[in-house]
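Asker: Here numbering that gives the first Met the number 0 is used: the first residue of the sequence shown is 0, the next is one more, and so on.
The beta-carbon is built from N, C-alpha and C at its ideal position, and this holds for glycine as well.
If you're wondering where the values come from, they're calculated on a predicted model, not measured in any experiment.
Handing you a structure now.
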Amino acid sequence: MGTRIEHFECAIVGGGLAGLCLAIQLADRDVSVVVFEKGNYPFHKVCGEYISMESWPFLESLGLPLAELSLPKIDRLGITSDRGFILNHSLGMGGFGISRYSLDHYLFEIASRKGAHVIQECRVMDVQGNPADGFQVRTSAGDFTSKVVCGSYGKYTPQFVHLHENNISNTDNQNYIGIKYHIQTDFPANRIELHNFSDGYCGVSKVDRDWYCLCYLTTARNLIENGKDVKQMEEAVLFQNPFLKNYFQNSKFINPQPLIISNVQFNKKQTDSNGIFLLGDAAGSITPLCGNGMSMGIRASKLLAEQLLFLFSGKQTYGQASQNYRREWDAAFGTRIRAGYHLQKLFGKSRTTDFALRTLDKFPWLTSKLVALTHGDVF
Ligand SMILES: Cc1cc2nc3c(=O)[nH]c(=O)nc-3n(C[C@H](O)[C@H](O)[C@H](O)COP(=O)(O)OP(=O)(O)OC[C@H]3O[C@@H](n4cnc5c(N)ncnc54)[C@H](O)[C@@H]3O)c2cc1C
Numbered sequence: 000m001g002t003r004i005e006h007f008e009c010a011i012v013g014g015g016l017a018g019l020c021l022a023i024q025l026a027d028r029d030v031s032v033v034v035f036e037k038g039n040y041p042f043h044k045v046c047g048e049y050i051s052m053e054s055w056p057f058l059e060s061l062g063l064p065l066a067e068l069s070l071p072k073i074d075r076l077g078i079t080s081d082r083g084f085i086l087n088h089s090l091g092m093g094g095f096g097i098s099r100y101s102l103d104h105y106l107f108e109i110a111s112r113k114g115a116h117v118i119q120e121c122r123v124m125d126v127q128g129n130p131a132d133g134f135q136v137r138t139s140a141g142d143f144t145s146k147v148v149c150g151s152y153g154k155y156t157p158q159f160v161h162l163h164e165n166n167i168s169n170t171d172n173q174n175y176i177g178i179k180y181h182i183q184t185d186f187p188a189n190r191i192e193l194h195n196f197s198d199g200y201c202g203v204s205k206v207d208r209d210w211y212c213l214c215y216l217t218t219a220r221n222l223i224e225n226g227k228d229v230k231q232m233e234e235a236v237l238f239q240n241p242f243l244k245n246y247f248q249n250s251k252f253i254n255p256q257p258l259i260i261s262n263v264q265f266n267k268k269q270t271d272s273n274g275i276f277l278l279g280d281a282a283g284s285i286t287p288l289c290g291n292g293m294s295m296g297i298r299a300s301k302l303l304a305e306q307l308l309f310l311f312s313g314k315q316t317y318g319q320a321s322q323n324y325r326r327e328w329d330a331a332f333g334t335r336i337r338a339g340y341h342l343q344k345l346f347g348k349s350r351t352t353d354f355a356l357r358t359l360d361k362f363p364w365l366t367s368k369l370v371a372l373t374h375g376d377v378f
């Protein structure tokens, strides 16, 4: 007896927020959809957990009752230099805090309730096929076929996805690591702070429960120079910033061991590869300081869902869906990515950062403009 192969109209590789938001929208419109997620909800992720307010109404429209969750609304920003300067500013539209542990789990529950088939602890190993004949998806839970495949696998491109040569190398040739803790500390709930140190910066802001997220990004070189010892690097490098030293020394760490990711690169990739639609970090990621990657992933799911619904209802061809999605993606994120690339150069460098912050402090209108560039319009 052969193994039964299940067929779906849409297969989604990766159940982070981009993949789950897409699944919810498709399931809502009766498209048969399967999500493959190698993790098991709820689980933690390295992320600063600040979501720009632009996503709030859309997340609510998917069925996430944000207003009932008593989440911290964040409208104040503080940026410090390791020389002890602090720039205080309002965030304009601002954002809110929620842990990925809670957010992805809520979205998983909504997707399942709406009829999406979410398979956990299931790793996609290969995707073969094409838009004309359909796709075969080989996973650790068996084989599946589908008419359309979407890749929302996050920042690490799997071997079965082939990116164009010029999209493989990152824009600044840096290899980053991301490190995250949840802490309890004395900190206003409506504030986010970004603390610069040599070759990196660290965000602190409140999320759900009584947790605060303390998450930083730095170069792999920084860790290597400190004997690959995270604690040693924190004490030798991050503690140079007096604000950061204070948070490390006067907070309760929920889990003493941080969550760590390595080999992180930031670059724009592409919106499809060999007929697979890409969204979220899979289509391109931006340094956390500059662009609200979560809102970009959530918004990309909306852009893609609209095109896929036209495709499934026979109103457009695969080629048209792909072209329209690429055009809309570029229109939505092109400026943000370019601005992020330039903004990034101002941070994580002792003298430059200190000078930039002192200058911005004298020109609040310019600070407001830069902050606005990192947030999109409400959708
Ligand atoms: C240090 C750091 C801090 C950040 N801070 C912020 C912030 O404060 N605000 C913000 O908006 N953005 C922030 N970001 C960016 C944000 O985390 C990402 O943009 C966002 O998580 C992208 O969502 P996604 O759904 O595309 O990918 P992910 O959330 O990474 O989800 C991808 C999913 O795919 C699964 N997967 C991968 N491969 C496979 C496979 N082969 N088979 C099955 N499943 C697979 C993974 O397990 C994962 O669950 C930060 C990023 C970093 C690195």
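Relative to the C-alpha of S272, which residue among V148, F378, E233 and Y200 is closest?
Answerer: For the purposes of this step, residue 272 is taken as the residue at position 273 of the sequence shown. Comparing Cα-Cα distances from S272 to each of V148, F378, E233 and Y200, the minimum goes to V148.
Asker: Would you say the beta carbon of G177 is closer than 8 Å to some non-hydrogen atom of ligand 1?
Answerer: Within the sequence shown, numbered from 1, the residue matching residue 177 stands at position 178. Yes, since a heavy atom of ligand 1 falls inside the 8 Å radius drawn around the Cβ of G177.
Asker: Take S168 and list the residues in its own chain whose beta-carbon comes closer than 6 Å to its own, dropping the five residues that flank it on each side.
Answerer: Counting from 1 along the sequence shown, the entry for residue 168 is found at position 169. Note that S168 has pLDDT 46, beneath the 50 cutoff, so the model's placement of it is unreliable and no number is given.
Asker: Taking E192 as part of the alpha helix (DSSP H), name the residues at either end of that continuous run.
Answerer: Within the sequence shown, residue 192 is the residue found at index 193, counting from 1. It is not in any alpha helix (DSSP H) - E192 instead sits in the beta strand (DSSP E) that spans R190 to F196.
Asker: Does the beta carbon of G141 sit closer than 9 Å to a beta carbon anywhere in chain C?
Answerer: Absence of chain C from the displayed structure is noted, only one protein chain being present.
Asker: Does the beta-carbon of F311 have 16 or more other beta-carbons within 10 angstroms, so that it is buried, or is it exposed?
Answerer: For this step, residue 311 is matched to residue 312 along the sequence shown. Its Cβ being crowded by 16 or more others within 10 Å, F311 is buried.
Asker: Beta carbon of N291: closer than 8 Å to some heavy atom of ligand 1?
Answerer: Here the question's residue 291 lines up with position 292 in the sequence shown. Flag set: Cβ of N291 near ligand 1.
Asker: According to the Cβ coordinates, are I176 and I259 closer than 9 Å?
Answerer: For this step, residue 176 is matched to residue 177 along the sequence shown. For this step, residue 259 is matched to residue 260 along the sequence shown. Against a cut-off of 9 Å, the Cβ pair of I259 and I176 comes out as a contact.
Asker: Under 8 Å: does the beta carbon of T138 sit that close to some heavy atom of ligand 1?
Answerer: Reading the sequence shown from its first residue, position 139 is the one you call residue 138. The answer is yes for T138.
Asker: Starting from A10, trace the beta strand (DSSP E) in both directions and tell me its first and last residue.
Answerer: Taking the sequence shown and counting its residues from 1, the one referred to as residue 10 is at position 11. Looking at the DSSP string, the run of the beta strand (DSSP E) that includes A10 is E5 to V12.
Asker: Where does the unbroken beta strand (DSSP E) through V136 begin, and where does it stop?
Answerer: Your numbering for residue 136 matches position 137 in the sequence shown. That run of the beta strand (DSSP E) goes G133 to T138.
Asker: If you drop the 5 nearest sequence neighbours on each side, which residues of the same chain put their C-beta closer than 8 Å to that of E236?
Answerer: On the sequence shown, residue 236 is found 237 positions in, with the first residue counted as 1. It is Val, not Glu, that sits at residue 236 in the sequence shown. Excluding residues within five positions, the ones whose Cβ falls inside 8 Å are F196, S197, D198, G199, T217, N221 and N225.
Asker: In the DSSP assignment, find the alpha helix (DSSP H) that holds R23 and state where it starts and stops.
Answerer: Locating residue 23 in the sequence shown gives position 24, where the first residue counts as 1. Going by the sequence as given, residue 23 is Ile instead of Arg. Unbroken alpha helix (DSSP H) run through I23: L16 to D27.
Asker: If you draw a straight line from the alpha carbon of G144 to that of M124, how long is it in whole angstroms?
Answerer: The count along the sequence shown starts at 1 and reaches residue 144 at position 145. The count along the sequence shown starts at 1 and reaches residue 124 at position 125. Sequence check: residue 144 is Thr here, not Gly. T144 and M124: Cα-Cα distance of roughly 14 Å.
Asker: Could I get the ranges of all uninterrupted beta strand (DSSP E) runs contained in the stretch 57 to 81, with 3 residues as the minimum, in chain order?
Answerer: 72 to 79
Asker: Is A152 a contact residue of ligand 1, with contact defined as CB to any heavy atom under 8 Å?
Answerer: Against the sequence shown, residue 152 aligns to sequence position 153. Contrary to the premise, residue 152 reads as Tyr rather than Ala in this sequence. In this structure, the C-beta of Y152 approaches ligand 1 to less than 8 Å from one of its heavy atoms.
Asker: Should G114 be counted as a contact of ligand 1 given a C-beta to heavy atom distance under 8 Å?
Answerer: If you number the sequence shown from 1, residue 114 lands on position 115. No, the Cβ of G114 stays beyond 8 Å of every heavy atom of ligand 1.
Asker: At what residue ranges does the stretch 180 to 256 contain a whole run of the alpha helix (DSSP H), taking only runs of 4 or more?
Answerer: Fully enclosed alpha helix (DSSP H) runs of 4 or longer: 219 to 223, 229 to 235 and 241 to 248.
Asker: If contacts are defined as beta-carbon pairs under 8 Å, then L278 and S261 qualify, I think. What distance do you get, rounded to the angstrom?
Answerer: Numbered from its first residue, the sequence shown carries residue 278 at position 279. Numbered from its first residue, the sequence shown carries residue 261 at position 262. Between L278 and S261 the beta-carbon gap is near 23 Å, outside 8 Å, which marks them as no contact.
Asker: Should the stretch 49 to 67 be called in touch with the stretch 14 to 25, which here means at least 3 C-beta pairs below 8 Å?
Answerer: yes
Asker: Starting from the Cα of I50, find the closest Cα among L356, T366 and I191 and give me that residue.
Answerer: Here residue 50 is taken as the residue at index 51 of the sequence shown, counted from 1. Minimum Cα distance to I50 is reached at I191.
Asker: Is P257 a contact residue of ligand 1, with contact defined as CB to any heavy atom under 8 Å?
Answerer: In the sequence shown, the residue the question calls residue 257 occupies position 258. Flag unset: Cβ of P257 not near ligand 1.
Asker: Could you pull the DSSP bridge partners for G83 from this structure?
Answerer: Here residue 83 refers to the residue found at position 84 when the sequence shown is read from its first residue. DSSP lists no partner for G83.
Asker: Bridge partners of S145, per DSSP?
Answerer: To locate residue 145, count along the sequence shown from 1; it is residue 146. According to DSSP, which records beta bridges pairwise, S145 is partnered with F7 and F134.
Asker: Between S349, A338, L307 and I97, which lies nearest to S54 when the distance is taken from Cα to Cα?
Answerer: On the sequence shown, residue 54 is found 55 positions in, with the first residue counted as 1. Selected option, being the one with the closest Cα: I97.
Asker: Taking 8 Å as the cut-off, does the CB of D280 come closer than this to any heavy atom belonging to ligand 1?
Answerer: Taking the first residue of the sequence shown as position 1, residue 280 is located at position 281. Yes, since a heavy atom of ligand 1 falls inside the 8 Å radius drawn around the Cβ of D280.
Asker: Whose C-alpha, out of E5, H88, F35 and N39, is nearest the C-alpha of A371?
Answerer: As a position in the sequence shown, residue 371 is number 372, starting the count at 1. It is H88.
Asker: How about L307 and L25: do their beta carbons lie closer than 9 Å?
Answerer: Translated into positions along the sequence shown, residue 307 becomes position 308. Translated into positions along the sequence shown, residue 25 becomes position 26. Yes, the pair counts as a contact, with Cβ atoms nearer than the cut-off.
Asker: Mind checking T358: buried by the 16 CB within 10 Å criterion, or exposed?
Answerer: On the sequence shown, residue 358 is found 359 positions in, with the first residue counted as 1. With fewer than 16 Cβ atoms within 10 Å of its Cβ, T358 is classed as exposed.
Asker: For L307, which of helix, strand or coil comes out of DSSP?
Answerer: Within the sequence shown, the letter at position 308 stands for residue 307. Note: L307 maps to helix in three-state DSSP.
Asker: Taking 9 Å as the threshold (C-beta atoms), are F35 and A115 in contact?
Answerer: For the purposes of this step, residue 115 is taken as the residue at position 116 of the sequence shown. For the purposes of this step, residue 35 is taken as the residue at position 36 of the sequence shown. Cβ distance not < 9 Å, so A115 and F35 don't count as in contact.
Asker: Could you give the residue range of the beta strand (DSSP E) that holds D376?
Answerer: Here the question's residue 376 lines up with position 377 in the sequence shown. No beta strand (DSSP E) contains D376, which DSSP labels as neither H nor E.
Asker: Starting from the Cα of E120, find the closest Cα among T138, N245, D209 and G93 and give me that residue.
Answerer: Counting from one through the sequence shown, the residue named residue 120 turns up at place 121. Shortest Cα-Cα distance from E120 to any of T138, N245, D209 and G93 involves T138.
Asker: Among D27, G94, G15 and C9, whose alpha-carbon lies nearest the alpha-carbon of G375?
Answerer: Against the sequence shown, residue 375 aligns to sequence position 376. Nearest option by C-alpha distance: G94.
Asker: Going by Cα to Cα distance, which pick from I11, S349, H194 and K267 is closest to K146?
Answerer: Indexing the sequence shown from 1 puts residue 146 at position 147. The shortest C-alpha separation from K146 is found at I11.
Asker: Using the C-alpha atoms, what's the distance from K227 back to S349?
Answerer: Here the question's residue 349 lines up with position 350 in the sequence shown. Here the question's residue 227 lines up with position 228 in the sequence shown. In a straight line, the C-alpha of S349 is about 22 Å away from that of K227.
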